[in-house]
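Those protein sequences? They're chains A and B, same order as listed.
Position in the first sequence (first residue = 1) + 395 = my numbering.
Position in the second sequence (first residue = 1) + 13 = my numbering.
Virtual Cβ for every residue (Gly too), placed ideally from N, Cα, C.
Here the structure is a predicted model, which means the values were calculated and not measured.
See below for the structure under consideration.
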Amino acid sequence: MRHLKLISDDTHIPFVKFRQIAVAFSLLVIAASVALFFARGLNFGIDFKGGIMIEIATDGPADLTQLRATMGGLGLGEVQIQEFGQADDVLIRIPSPAEGGEAASQEVVNAVRAALDDVVVEYRRVEVVGPQVSGELVRSGIIAVVLAMALMLIYIWFRFEWQFSLGAIVSLVHDVFATIGILCILQIEFNLQMIAAILTIVGYSMNDTVIVYDRVRENLRKYKKMDLAELVDLSINQTLSRTVITSGTTLLALLALFVFGGEVLRGFTFAMIFGILVGTYSSIFIAAPVILAVGVSRDWSGNTTGKTAEGKSGAKA
Amino acid sequence: MLHFERWKITLIVLLCVAGLAYSAPNFVPRDSLEGIPGWLPNQQINLGLDLRGGSYMLLEVDTSSLIQDRLQSLVNDVRAALRSERVLYTGLGIRNSEVTVRITQPDDVQKARGAIEGVGTTVAGNVFSAVPERDIAVSVNGQNITVVLTEPAIVARTQSAVQQSIEIVRRRIDELGTTEPVIQQQGASRILVQVPGLDDPQRLKQLLGQTAKMNFRLVSNAMSGEQALATRTVPTGTEILFMAEAPNVPVLVERRIMVGGDRLVDAQPAFDQQSGAPVVNFRFDSTGGRQFGEVTRNSVGRPFAIVLDDKVISAPVIREPIMGGSGQISGNFTVQAANDLAILLRAGALPAPLNVLEERTVGPGLGADSIAAGEIAAVIGGVAVVAFMIASYGFFGVLAVVALTLNMAMIFAVLSVLQATLTLPGIAGIVLTIGMAVDANVLIYERIREELASGKSPVPAIEAGYNKALSSILDANITTLISAAILFQMGSGPVRGFAVTLGVGIITSVFTAYTVNRLMLSVWIRRRRPKTIYL
């Protein structure tokens, strides 16, 4: 039986040659993401905006028009009503009352429950996040992402060299921006789970980058005189099979979750699927070229500061 | 790399067996675990609220009302102190969280200051300061005296109020008879409440939303509530309250509290013997019983208001003195309402109202749907990965799949033993782990392929493959572990659940993919001594 081989054993794809195109493309993506973020914005969920979200199950297909009329009569501001997955499952979003703080939200929930009681079979979910808490959640979310990135970079810096750390940070920032960009385009709800998704993407992307870097470092020791660009290409090609297989299996598992995992996790899994594609791309086309751009010390005997690849190629063992 | 010492083999096998054993209880129905002897693994994974239904609530003790209460009592104390010193004053009241008063005679100011300073109490619980700190600071400006609460006093008050609130919340929730509620302090003034599997979260909210400050007061006989409301004049020492059942019906009650709710020692729901309607029977302690007896003896024929959180529950007319220290509250209750009122009275009053900052309730139906969806996704994802690995690596792929299965078992075992909570994002974490768990195997196998391609014979190729892959595996997994740790530290609720499964999955996957897999390979190599391997 022949084994399945997605990537042949001996590839020589000149990745480095495409780096200008890739970098230009990525810069465009980042610029577009930033522009989208300010022009269109993220679709913040109640975790970060505050508000009320009620998911109800109705007896048979829900009559959305009727529901809109009922809810409209309560005078609760801009209420959104939509089907959620199935025809008998409805998601209602209500903004936080402008006045009265947390207690007012509770009154709104009670009013809605009273109005809906005869159409509702089950309250599947009721979530109320007060304005005070949502502000704190935003803050701790941002801190979490930044802190995780900082710690990983410190780890890379200790294990490798500062040049690698720089490459990793550029590719991480790239991945986070691109993910936020796609979330802006598709207006997928950005909630607490999304912070988890982004941190996972960051972890995964770092994982991928580290594998390539590890090989670069190994080859630097092995081929002391090889041109750096050639060496980076060689390293990427050597790890390509692993990259494709691992990304492939992870994507398979995530796709299963996306298709069968239910509506609640759909946005979250989508973000991760996208993030893994981007993370794989960036470890090849962004992280590696950064090393080329800043050069890298090839003296591994200890005294390494300030020596570039050109200066030290062929140095002592 | 392929040689294992005997004790290592024993340890690895033991760990794997333990993983299988401790994960096993999760695959049998919960009630059949009852019969298992205690020394066998019998713990199942703790399902999160999003998977089994239940309520999560973040409550905040309303500290501003706490401070307001203390200021109000300060005003009364200052008034009493100045009166007993016979100091004349004007304009005693609360302004911007301060108590201010103007002393009429300039000569009296120092005397007044001394008297006012006497009303403060020491701040409780400050064991570090040698000099006991007062809870008020008094300052004099000409004839004006200002009293403020000190910062330590506010902190100490908040702290004790939160502690007391937690106790009362716990007592109220315990009465609902749900299993495993979580009630803990969060931050300075917050209380986190998690109640799994509650059918009616509204009821929980109502129970927690009431301060349950109860007292007994006489209804004023100066005029009726309607008259007082219409004329907008209230006789001194009285106030207008409304009926709890009918919010439009006013009752004019005396401000003076005849018996306080803190005198209650017991309250039980019951049925009235004559009408058969649900009522609440209560009993006072000895002091309360004496006070109650005195009031009822002196006021036969007058209505007596039972006031809960400034609403009149009922105002029955006193027909005869009630001396035994026990009584009955009737007030158009449903059975559940009578039951809930009894719970509130038994548990005692909250020191301050609780505000619901955040509430997340998941219905049991959604929870069950989520589990089913997660299981399907995990099975399909797992099958896809297994097929892919075997297609890619043949026999070696089978070994990887065995390692992957052991990995799953170990994740379940660790979650069961730690009694960590599995949430919906936690399932996502496991599915993601399925994908990523093969990474270590893939790294190793790809290395072995390279080594074989460079002409090495099987055993050295495998050894070199493991050797060279190790640093990549460690670097890759440590970075992911860092993000899992941050998620755990910073995240709340479901995000934390995700972090736990991701973190546990990373650690067990390194063990199974690297160590267990290597052991299986080494056993296979020693038995077969293959001349060539096909990978």
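Chain-ordered chain A contacts of residue i [CB-CB under 7 Å]
i: tyrosine 102 of chain B; result: Here the premise fails: no neighbours, minimum Cβ distance about 36 Å.
i: alanine 569 of chain B; result: Since the first residue shown for chain B is 14 and the last is 548, residue 569 of chain B is missing from the structure and cannot be characterised.
i: valine 455 of chain B; result: Arg637, Ile640 and Thr641
Inter-residue Cα distance where the pair is residue i and residue j
i: valine 26 of chain B; j: alanine 201 of chain B; result: 48 Å
i: glutamate 705 of chain A; j: leucine 623 of chain A; result: Low per-residue confidence applies at glutamate 705 of chain A: pLDDT is 42, beneath 50, and the placement is therefore not dependable, though the value from the model is reported in the following sentence. Distance between the alpha carbons of glutamate 705 of chain A and leucine 623 of chain A is about 9 Å.
i: asparagine 698 of chain A; j: arginine 534 of chain A; result: Residue confidence is low: asparagine 698 of chain A scores 45 on pLDDT, short of 50, so the model does not pin down where it sits. No coordinate-derived value is stated.
i: phenylalanine 573 of chain A; j: phenylalanine 420 of chain A; result: Rather than phenylalanine, the amino acid found at residue 573 of chain A in this sequence is alanine. Distance between the alpha carbons of alanine 573 of chain A and phenylalanine 420 of chain A is about 11 Å.
i: arginine 99 of chain B; j: asparagine 89 of chain B; result: 15 Å
i: lysine 444 of chain A; j: aspartate 323 of chain B; result: 34 Å
i: arginine 539 of chain B; j: methionine 533 of chain B; result: 10 Å
i: glycine 701 of chain A; j: lysine 400 of chain A; result: Low confidence applies to glycine 701 of chain A: its pLDDT is 42, below 50, so where it sits in the model is not reliable, and the reading given next is rough at best. Looking at the two C-alpha atoms, the distance is approximately 42 Å.
i: alanine 385 of chain B; j: phenylalanine 653 of chain A; result: 14 Å
i: isoleucine 596 of chain A; j: phenylalanine 255 of chain B; result: 57 Å
i: valine 691 of chain A; j: aspartate 570 of chain A; result: 23 Å
i: asparagine 7 of chain B; j: glutamate 252 of chain B; result: The requested residue 7 of chain B does not occur in the structure, where chain B is confined to residues 14 to 548.
CB-CB length for residue i against residue j, believed under 8 Å
i: phenylalanine 439 of chain A; j: phenylalanine 585 of chain A; result: 5 Å
i: leucine 646 of chain A; j: aspartate 442 of chain A; result: With 8 Å as the limit, leucine 646 of chain A and aspartate 442 of chain A do not qualify as a contact, their Cβ atoms being about 27 Å apart.
i: serine 279 of chain B; j: arginine 296 of chain B; result: Before going on, a small fix: residue 279 of chain B reads as aspartate here, not serine. Indeed, because the Cβ distance is near 5 Å, the residues count as touching under 8 Å.
i: valine 293 of chain B; j: proline 316 of chain B; result: Contact doesn't hold; Cβ gap of about 18 Å is too wide.
i: leucine 500 of chain B; j: leucine 594 of chain A; result: 5 Å
i: isoleucine 476 of chain A; j: isoleucine 447 of chain A; result: Not quite, the Cβ-Cβ distance comes to about 13 Å (not below 8 Å), so this is no contact.
i: leucine 71 of chain B; j: arginine 203 of chain B; result: 6 Å
i: glutamine 156 of chain B; j: isoleucine 181 of chain B; result: 44 Å between Cβ atoms; not a contact.
i: arginine 147 of chain B; j: threonine 135 of chain B; result: 6 Å
i: tyrosine 69 of chain B; j: arginine 509 of chain B; result: Not a contact, Cβ separation roughly 12 Å.
i: asparagine 420 of chain B; j: threonine 521 of chain B; result: 5 Å
C-beta neighbour in chain A for residue i, strict 7 Å
i: serine 405 of chain B; result: yes
i: methionine 449 of chain B; result: yes
i: isoleucine 389 of chain B; result: yes
i: alanine 397 of chain B; result: yes
i: aspartate 298 of chain B; result: no
i: asparagine 234 of chain B; result: no
i: proline 438 of chain B; result: yes
i: glycine 378 of chain B; result: yes
i: aspartate 322 of chain B; result: no
i: aspartate 275 of chain B; result: no
i: valine 508 of chain B; result: yes
CB contact below 7 Å: residue i versus chain B
i: phenylalanine 655 of chain A; result: yes
i: glutamate 497 of chain A; result: yes
i: isoleucine 489 of chain A; result: no
i: methionine 448 of chain A; result: no
i: leucine 587 of chain A; result: yes
i: threonine 460 of chain A; result: no
i: glutamine 501 of chain A; result: yes
i: valine 691 of chain A; result: no
i: leucine 469 of chain A; result: no
i: aspartate 609 of chain A; result: yes
Listed by chain order, chain A residues near residue i by CB distance under 8 Å
i: valine 375 of chain B; result: Arg519 and Arg520
i: isoleucine 499 of chain B; result: Ala539, Leu542, Ala543, Leu546 and Leu594
Residue i: contacting residues in chain B (beta-carbon distance under 7 Å)
i: asparagine 602 of chain A; result: Ala489, Thr492 and Thr493
i: serine 636 of chain A; result: Glu459
i: glutamine 527 of chain A; result: Leu370
Contact list for residue i against chain B, beta-carbon separation under 9 Å
i: glutamine 633 of chain A; result: Glu459 and Glu463
Per-residue contacts from residue i into chain A (C-beta, under 9 Å)
i: glycine 127 of chain B; result: Correct list: empty, because the minimum Cβ distance to chain A is about 41 Å.
i: valine 444 of chain B; result: Ala648, Leu649, Ala651, Leu652, Gly656 and Thr664
i: proline 543 of chain B; result: Ordered by position in chain A, no residue passes the 9 Å Cβ test against proline 543 of chain B, which lies about 16 Å from the chain.
Closer than 6 Å: residue i CB and nearest the ligand NAD heavy atom
i: threonine 191 of chain B; result: This structure lacks the ligand NAD, and indeed carries no ligand of any kind.
Counting pairs of beta carbons, one from the segment 575-594 of chain A and one from the segment 664-682 of chain A, are three or more of them closer than 8 Å?
-> yes
So, do the segment 192-209 of chain B and the segment 222-231 of chain B have three or more beta carbon pairs nearer to each other than 8 Å?
-> no
Any contact of the segment 331-345 of chain B with the segment 373-384 of chain B, i.e. 3+ C-beta pairs under 8 Å?
-> no
Tell me, please, whether the segment 385-402 of chain B touches the segment 533-547 of chain A by the rule of three or more beta-carbon pairs shorter than 8 Å.
-> no
Three-pair Cβ contact test at 8 Å for the segment 450-469 of chain A versus the segment 411-429 of chain A = no
Is there contact here, the segment 29-37 of chain B with the segment 467-486 of chain A, by at least three beta-carbon pairs under 8 Å?
-> Contact between the segment 29-37 of chain B and the segment 467-486 of chain A is absent, with fewer than three C-beta pairs closer than 8 Å.
Taking any Cβ of chain C, which residues in the segment 535-550 of chain A have a Cβ under 7 Å from it, in chain order?
-> Protein chains in the displayed structure are A and B, and chain C is not among them.
Taking one C-beta from the segment 360-369 of chain B and one from the segment 56-65 of chain B each time, how about it: are there three or more such pairs within less than 8 Å?
-> no
Between the segment 521-533 of chain B and the segment 450-469 of chain B, are three or more C-beta pairs nearer than 8 Å?
-> yes
Please confirm if the segment 469-486 of chain B is in contact with the segment 425-435 of chain B, defined as three or more CB-CB distances below 8 Å between the two stretches.
-> With the cut-off at 8 Å, the segment 469-486 of chain B and the segment 425-435 of chain B do not touch.
If you pair each beta-carbon of the segment 423-433 of chain A with each one of the segment 461-472 of chain A, do three or more pairs fall below 8 Å?
-> Below 8 Å, too few C-beta pairs join the segment 423-433 of chain A and the segment 461-472 of chain A to call them touching: fewer than three.
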